[in-house]
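Novice:
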Amino acid sequence: MPTVDRYPTLSILMHWVMALLIVAAFGLALYFDDLPLSPTKFKLIGWHKWLGITALALVALRLVIRLLTKAPPLPAHMSRLEKLAASGGHLLLYVLMFAIPLSGWAMSSALGFKVVYLTVLPLPDLVAQNEALGETLKAVHGTLNWILAACVAGHVAFAIKHHVIDRDGTLFRMSFKTPRN
Amino acid sequence: MKFLIPALMVLSASSMLYAAQPDAAQSRIGFTLKQLNVPMDGAFRKVSGTVNLDLKKPAAGKADLIIDTNSISLPTREAEAEARKKDWFNVAQYPTARFVSSSIKPLGGNRFQVAGKLTLKGITRDVSAPFTARQDGKLTVVEGTLPISRTQFKIGEGEWADTGTVADEVAIKFKVAFSGN
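Protein sequences appear in the order of chains A and B.
The first sequence begins at 1 in the working numbering and counts up one residue at a time.
The second sequence begins at 1 in the working numbering and counts up one residue at a time.
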């Protein structure tokens, strides 16, 4: 197994925290979407929004760090096209990580349910209250999430491919531990 | 002055006899509730009844307001449907809510204090709220906020009786406009 350059430790940490946030927020929404209105549903929606706003703040920080620091190089065996595809995939993930919480936030504003982060910090409305717009944004928010689910599946599949088939150590770029030679 | 005094006498005499109906377009019984500290605005679109208030003789004033509970307006249709159900306003059994004033006292300037009985969902309680009054053309506009405990009126029964999600205190924001005086 070749040794690899890793991402900075902070970036690795943020990557995995983001993964947890996305899985948690996505799973919560899948669960509460069909529930009838109840105090439990309100609570779950509240937590979902907090996870989403946390993810939005985190992705903004990640973007800054990603732009300021150099990502470790991609494996040499990859073709130009493969490298381009990998970068494109990562770019798409970033776009979605911004677009999804923002669409959820805007949807909340439009539907007249403000976002109050952790019950203490009221966030400003992104758009004026408008139920029709809210329903549209709800559909957009949902669709973007399924696109993200597909992208994450691809992201994971390629990470496994690199690890198991190419055996090029790419997965260790995001690992807290580098393997012993 | 010679013609002003008789004119005033006519005006005040008419105000004593004349009980006005709330102006449908200008009057609004709004409310704000909080779920997980997220403020949510709603309103009852239809308010009828009679108001007789001469701002110069507030003690003789009287208000009897009838609110159509079915006219509830909330940010989403889903929330409105929920609010009409048995656990909330039970509009099928209690189609109206009513406020009957017992006293109106001047607090100085354009500020007054009204006390009376509020009947919500068949439960009657003594309530009291300060309000302001102003003249808007031919209309007298009365506005104030009355905080109530929703659980005292059984607004939100069953699982909704839990005030951890939907707070117990609901601020009723009344605006009643009527002609005369």
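Virtual Cβ for every residue (Gly too), placed ideally from N, Cα, C.
What you are looking at is a predicted structure, and each value in this text was computed from that prediction instead of being measured.
(1) Compute the beta-carbon to beta-carbon distance between PRO75(B) and GLN129(A), rounded to the nearest angstrom, for a pair I have assumed lies under 8 Å.
(2) Quick one: is GLY154(A) near chain B, going by C-beta distance under 8 Å?
(3) List the endpoints of the continuous alpha helix (DSSP H) containing PRO101(A).
(4) Beta-carbon separation of PHE131(B) and GLU143(B) under 8 Å?
(5) Can you tell me which of the three DSSP states ALA161(B) falls into?
(6) Using a beta-carbon distance cut-off of less than 7 Å, what residues from the segment 99-113 of chain A approach chain B?
(7) Write down the C-beta distance between ILE66(B) and ILE29(B) rounded to the nearest angstrom, noting that I regard them as a contact closer than 8 Å.
(8) Distance check for ASN110(B) and LEU139(B), CA to CA, integer angstroms please.
(9) Quick one, which residues of the segment 64-89 of chain B are near chain A if we go by CB-CB under 9 Å, in chain order?
(10) For the segment 25-39 of chain B, list every residue whose C-beta sits within 8 Å of some C-beta in chain A, in sequence order.
(11) Exposed or buried, what is ARG134(B) when buried is set at 16 or more other beta-carbons lying within 10 Å of its beta-carbon?
(12) Of the residues that make up the segment 142-173 of chain B, which ones have a beta carbon closer than 8 Å to any beta carbon in chain A?
(13) Tell me which residue opens and which closes the beta strand (DSSP E) that MET40(B) is part of.
(14) Would you say PRO124(A) lies against chain B (beta-carbon separation less than 8 Å)?
(15) Quick test of your reading: ILE72(B) and GLU80(B), contact by CB under 8 Å. State the CB separation rounded to the nearest angstrom.
(16) Check whether the Cβ atoms of ALA23(B) and PHE178(B) sit closer than 8 Å, and answer yes or no.
(17) By the DSSP assignment, the beta strand (DSSP E) with GLY116(B) in it spans what residues?
(18) Compare the C-beta of ASP5(A) with all C-beta atoms of chain B and state if any pair is closer than 8 Å.
(19) Given 8 Å as the limit, is there contact between the segment 116-132 of chain B and the segment 154-172 of chain B, that is, 3 or more CB pairs closer than that?
(20) Measuring only the C-alpha atoms, how far is VAL120(A) from ALA60(B)?
(21) Assign GLN152(B) to one of three DSSP states: helix, strand, or coil.
(22) Report the residues of the segment 37-59 of chain A with a CB closer than 7 Å to any CB of chain B, ordered along the chain.
(23) Return the residues of the segment 39-59 of chain B that lie within a Cβ-Cβ distance of less than 8 Å from chain A, sorted by chain order.
(24) Taking a contact to mean a Cβ-Cβ separation below 8 Å, would you say ILE148(B) touches PHE89(B) in this structure?
(25) Give the interface partners of THR119(A) over in chain B, defined as CB-CB distance under 9 Å, in chain order.
(26) Do we get a CB-CB distance below 8 Å when we pair VAL116(A) with the residues of chain B?
(27) Run through DSSP, which three-state label would ASP68(B) get?
(28) Buried or exposed: where does SER102(B) fall if 16 or more other Cβ atoms within 10 Å of its Cβ makes it buried?
(29) If I'm right that LEU146(B) touches ALA129(B) with Cβ under 8 Å, what's the distance once you round it to whole angstroms?
(30) Can you have a look at LYS161(A) and say buried or exposed, based on whether 16 or more other CB atoms are within 10 angstroms of its CB?
Specialist: Result, derived from the coordinates:
(1) Position 75 of the second sequence, counted from the first residue, corresponds to residue 75(B). Position 129 of the first sequence, counted from the first residue, corresponds to residue 129(A). Correct: roughly 7 Å between the Cβ atoms.
(2) Your numbering for residue 154(A) matches position 154 in the first sequence. No - not a single Cβ of chain B is within 8 Å of the one on GLY154(A).
(3) Position 101 of the first sequence holds residue 101(A). Unbroken alpha helix (DSSP H) run through PRO101(A): 80-111.
(4) Stepping through the second sequence from its first residue, residue 131(B) is reached at position 131. Stepping through the second sequence from its first residue, residue 143(B) is reached at position 143. Against a cut-off of 8 Å, the Cβ pair of GLU143(B) and PHE131(B) comes out as a contact.
(5) Here residue 161(B) refers to the residue found at position 161 when the second sequence is read from its first residue. Three-state DSSP puts ALA161(B) in a helix.
(6) LEU111, GLY112, PHE113
(7) By 1-based counting over the second sequence, the position of residue 66(B) is 66. By 1-based counting over the second sequence, the position of residue 29(B) is 29. Their Cβ separation, rounded to whole angstroms, is 10 Å, which puts ILE66(B) and ILE29(B) out of contact at 8 Å.
(8) Stepping through the second sequence from its first residue, residue 139(B) is reached at position 139. Stepping through the second sequence from its first residue, residue 110(B) is reached at position 110. Taking the straight line joining both Cα atoms gives about 15 Å.
(9) LEU74, PRO75, THR76, ARG77, GLU78, ALA79, ALA81, GLU82
(10) GLN35, LEU36, ASN37, VAL38, PRO39
(11) As a working mapping, residue 134(B) is identified with position 134 in the second sequence. It is exposed - the Cβ of ARG134(B) has fewer than 16 other Cβ atoms within 10 Å.
(12) GLU159, TRP160, ASP162, GLY164, THR165, VAL166
(13) In the second sequence, residue 40(B) corresponds to position 40, counting from 1. First-last of the beta strand (DSSP E) with MET40(B): 38-44.
(14) As a working mapping, residue 124(A) is identified with position 124 in the first sequence. Answer no: the Cβ-Cβ gap between PRO124(A) and chain B never drops below 8 Å.
(15) What you label residue 72(B) is simply residue 72 of the second sequence in a count that begins at 1. What you label residue 80(B) is simply residue 80 of the second sequence in a count that begins at 1. Contact flag correct, Cβ pair sits at about 6 Å.
(16) By one-based count along the second sequence, residue 23(B) stands at place 23. By one-based count along the second sequence, residue 178(B) stands at place 178. This sequence places Asp at residue 23(B); Ala is not what is there. Cβ atoms of ASP23(B) and PHE178(B): closer than 8 Å.
(17) Within the second sequence, residue 116(B) is the residue found at index 116, counting from 1. Taken as a continuous stretch (DSSP letters only), the beta strand (DSSP E) holding GLY116(B) covers 111-120.
(18) Counting from 1 along the first sequence, the entry for residue 5(A) is found at position 5. Chain B, which has no Cβ nearer than 8 Å to the Cβ of ASP5(A), makes this no.
(19) yes
(20) The residue you call residue 120(A) lines up with position 120 of the first sequence. The residue you call residue 60(B) lines up with position 60 of the second sequence. Straight-line Cα distance between these residues: approximately 45 Å.
(21) On the second sequence, residue 152(B) is found 152 positions in, with the first residue counted as 1. Correct three-state label for GLN152(B): helix.
(22) LEU37, SER38, PRO39, PHE42, LYS43, GLY46
(23) PRO39, MET40, ASP41
(24) Translated into positions along the second sequence, residue 148(B) becomes position 148. Translated into positions along the second sequence, residue 89(B) becomes position 89. For ILE148(B) and PHE89(B), no; Cβs fall outside 8 Å.
(25) In the first sequence, residue 119(A) corresponds to position 119, counting from 1. Simply LEU36, ASN37, VAL38.
(26) Against the first sequence, residue 116(A) aligns to sequence position 116. Yes, VAL116(A) lies at the interface with chain B (some Cβ there is under 8 Å from its Cβ).
(27) If you number the second sequence from 1, residue 68(B) lands on position 68. In this structure, ASP68(B) counts as strand in the three-state DSSP scheme.
(28) As a position in the second sequence, residue 102(B) is number 102, starting the count at 1. Exposed is the call here.
(29) For this step, residue 146(B) is matched to residue 146 along the second sequence. For this step, residue 129(B) is matched to residue 129 along the second sequence. Yes, LEU146(B) and ALA129(B) are in contact; Cβ-Cβ is about 4 Å, under 8 Å.
(30) The residue you call residue 161(A) lines up with position 161 of the first sequence. The residue in question, LYS161(A), is exposed, as its Cβ has fewer than 16 Cβ neighbours within 10 Å.
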